[in-house]
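In our numbering, the protein residues as written are 35 to 986. Cβ atoms here follow ideal geometry from the backbone N, Cα and C, with glycine treated the same way. Owing to the predicted nature of the structure, the values given are computational and were not obtained by experimental measurement. The structure under discussion appears below in the form of structure tokens.
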């Protein structure tokens, strides 16, 4: 595609891009620096294990505003232990640490760079991890400081002061079971020079389709025995004998006599394909339908191609402000295959090719998979901007953006065989109903289509500052005012019926947060209490289609002693359904395998998806109690941080996706489930619904541990990084704020003493010394204490922990282990989920879901760490080879009933068709060159940075 070629061409141009000349003189605040050390031979210039640690106002450069410390801090050596190629990939590895139970959306964290708001995730997602000086994860309460709701964790990325590199990575991923290949290629140019930075990224990827015939998928006829060769049945039985699975009358008394028992179905014999066949030919396999082609041309994973371009530019504006402009464009196309079109026709007894004494039905597939294919084209364009600055003692930030996206889906509906059926009914001697079907007698039915176009624009301004000085510190506040507008136009065509739906929404919101310090050990204010602060926050949002929505919250942060901190918070929040939930186009997918809990059978039915315009807003109350402790002293080699969180959530009128079709669900939503006269499930409307009430309680606890190992190189000191400032940290800048600084930007983000909490926190403080390795371990356990829903007032409460509709694991354990030394690394990611039961209409129809353990392994080697290899192959400088195995042991969850049988819809290859995959990739980073000395010669020392300039 044109976009793919453009990306590859720009990558080639950037490969030879020279380093730009230094820009304006960098501002600097009062700071302390650790000495620079010589890099080992062949080392990547951006991979030095000892960094210059700049401390501003008692905090490391680029820290977030407020006094809440990070729950987890990673330094460059710890980041390298993950083997990630970009920030987005690093965040995927850190999913256990980033998970939150408070979010109403997708749970994505608030992203900051150098302690500031950014224009959008597209601005930073492709930045190489080598450019990161520090990676911090903070609790949800910190988001209040930056004008967000307290339901998202906060990630603060502190970039190096100077960095320039072109990274190119290509990879191939295949499942070990075969039959699918995924390829990807991307190139990123990223440059930082003080407060100036810019990024350009292009990527392309392609996936081949995976079909049911490539896996161990078994299908049985679902009332209509289609096959490519064909099956003959008697006329439909009225009413059908569903209990015994009999849907047709006997085909022919003569066939019954020949076989010795009534025959309701028989496959078309080979003899009938070329001309008239005898009754004896049809009796050969009588009673058993041919089903060899039920899985033909049905995709388990679609064929797809995607490409994207991203650019971002950040520049200082004046003496105390900076601005960012970013944009991206994404284009993707996917093809799914829904099987072969079925042709059903009645063959009269007078047809010259029929040996039967009465009319029969013929079920056969036509070999035209395109008529049942689905194609989806999606495009998305984003333009965003952000600005940060200072007005006297107040920090401000402004963000705005525009997003345009469109999706166009076309779904084939099969063939019109009316002309073929008419010829068979007329007894045309040139038309064999069991032979090849002339293409001129088949016409493709007009496909179903679904198209949506959305436009979203938003703008926000945030002010942060101290209202007054209390004995324990400044009473800080955050004010935010914002507005946005959204439109979603959708048009769907189902079986020729056109449905047009348009929705538009404008909204304005005001948010305020107030943080009041009560006690402070360091200042001697009520020192017996330790450090204590309380927070109050509120938001009013006015929507054009749902009226006013109110959010109120309060909390407290208490650190009785330095290594221990507690956080408690309560939030009451109203939330409206999204325009997509209300107005997505109606999409109808035929031949979906669905398990019917009422009958205990898997059937092929039509699934309807899209928006539900009848959704109402919900009301959510969330209470959270968390504790963080660092039991080991700050100078210990082993860093250990333990955390525990208790969360209780109640949602009235909660918005949910449509669950499995249990008796409870069908009783509550009878109009969503359509059955034929025999009671067989034929259609399910799975659009989102409101439940009357849902309540959840859970505990999540775990720890992060890091420890260096091996002997350090002599003569090189170590340092502390993260958690708190290094020994002898610098003082506060002259403006009383967090100060400025190269890379940290002039004056920081929404600034000093923002509307968050104070106290506690921690994280990985000690990094390995040069020559040492690093081992990291994290373990988290989530335990659901309560999970209940009430679908409708007056209906019984459904306990999801006791097999109710929507049941899931009660326990989940996540384990991560990473080891890195000398350029070689391994990262193991594992999870275990407990088994559970899903209740059927009767106890005999209950389904049991087994425990499941999955592990993934990432092995990588930085070839730059091998001087002998670089001397022989200098082009390998900055390169890395990587081997990744997902689902290492190829485990799949087992689902069975009380007899130990697995329903067709829950076959392991249906639930996880890909299974274990192996990806091999090669990554090349091109940065400032460093000579490789001959064997035995010490490498040149790293250049000493220029002295800090006097503060403004």
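> Taking Cβ positions, are residue 170 and residue 194 nearer each other than 8 Å?
Replying inline: no
> The beta strand (DSSP E) spanning residue 956 covers which residue range?
Replying inline: 951 to 960
>> Nearest by alpha-carbon distance to residue 474: which of 862, 402, 534 and 176 is it?
In response: 402
> How many angstroms separate the CA atom of residue 744 from the CA atom of residue 117?
Replying inline: 20 Å
> Expressed to the nearest angstrom, what Euclidean distance is found between the alpha-carbon atoms of residue 634 and residue 675?
Replying inline: 49 Å
> Which first and last residues belong to the beta strand (DSSP E) in which residue 737 is found?
Replying inline: 727 to 743
>> Quick check on the DSSP output: the alpha helix (DSSP H) that includes residue 297 runs from which residue to which?
In response: Element bounds for residue 297: n/a, residue is neither H nor E.
> Given that a residue counts as buried once 16 or more other Cβ atoms are within 10 Å of its Cβ, and exposed if not, what is residue 876?
Replying inline: exposed
> Where does residue 673 fall in DSSP's three states?
Replying inline: strand
>> Quick test of your reading: residue 658 and residue 729, contact by CB under 8 Å. State the CB separation rounded to the nearest angstrom.
In response: The Cβ separation is near 15 Å, so there is no contact.
> Could you give the residue range of the beta strand (DSSP E) that holds residue 206?
Replying inline: 196 to 209
> For residue 285, which residues of its own chain have a beta-carbon under 7 Å away from its beta-carbon, when the five flanking residues on both sides are left out?
Replying inline: 266, 267, 268, 297, 298, 300, 390 and 394
> Hey, quick one: how far does the alpha helix (DSSP H) through residue 114 stretch, first residue to last?
Replying inline: 110 to 114
> Under three-state DSSP, which class holds residue 13?
Replying inline: Since the first and last residues shown for the chain are 35 and 986, residue 13 lies out of range.
> Looking only at its own chain, which residues have a Cβ that is under 6 Å from the Cβ of residue 207, when we skip the five neighbours before and after it?
Replying inline: 216, 951 and 953
> From residue 415 to residue 225, what distance separates their C-alpha atoms?
Replying inline: 24 Å
> What whole-angstrom Cβ distance do residue 885 and residue 868 have, given they're in contact under 8 Å?
Replying inline: 6 Å
>> Contact between the segment 460 to 478 and the segment 499 to 510 is defined here as three or more beta-carbon pairs at a separation below 8 Å; is this criterion met?
In response: no
>> Tell me which residue opens and which closes the beta strand (DSSP E) that residue 316 is part of.
In response: Here residue 316 belongs to no beta strand (DSSP E); instead the alpha helix (DSSP H) covers 313 to 317.
> Does the segment 455 to 464 come close enough to the segment 419 to 427 to have 3 or more Cβ pairs within less than 8 Å?
Replying inline: no
>> Given a cut-off of 8 Å on the beta-carbon distance, is the pair residue 559 and residue 506 in contact?
In response: yes
>> Check for me: the alpha helix (DSSP H) holding residue 457 runs from which residue to which?
In response: 452 to 459
>> Here's the rule: buried if 16 or more other CB atoms are within 10 angstroms of the residue's CB, otherwise exposed. What is residue 158?
In response: buried
>> Using a Cβ-Cβ cutoff of less than 6 Å, which residues in the same chain neighbour residue 427 once the five nearest sequence positions on both sides are dropped?
In response: 499
>> If distances are taken between C-alpha atoms only, which option among 556, 617 and 471 comes closest to residue 536?
In response: 617
> Which two residues bound the contiguous beta strand (DSSP E) that contains residue 614?
Replying inline: No beta strand (DSSP E) contains residue 614, which is instead part of the alpha helix (DSSP H) from 613 to 617.
>> By alpha-carbon positions, which one of 176, 132, 160 and 128 ends up nearest to residue 149?
In response: 176
> If you check the beta carbons only, do residue 689 and residue 649 fall under 8 Å apart?
Replying inline: yes
>> Tell me which residue opens and which closes the beta strand (DSSP E) that residue 643 is part of.
In response: 635 to 643
> residue 339 to residue 441, Cα distance in whole Å?
Replying inline: 15 Å
>> Suppose contacts are defined by Cβ-Cβ distances below 8 Å. Is residue 247 in contact with residue 329 by that definition?
In response: yes
> What is the rounded straight-line gap between the Cα of residue 651 and the Cα of residue 235?
Replying inline: 39 Å
> What three-state label does DSSP hand residue 844 in the structure shown?
Replying inline: coil
> Measuring CA to CA, which of 739, 957 and 636 is closest to residue 849?
Replying inline: 739
> Can you tell me whether DSSP reads residue 579 as helix, strand or coil?
Replying inline: coil
>> Just list the residues that DSSP pairs residue 166 with in beta bridges.
In response: 193
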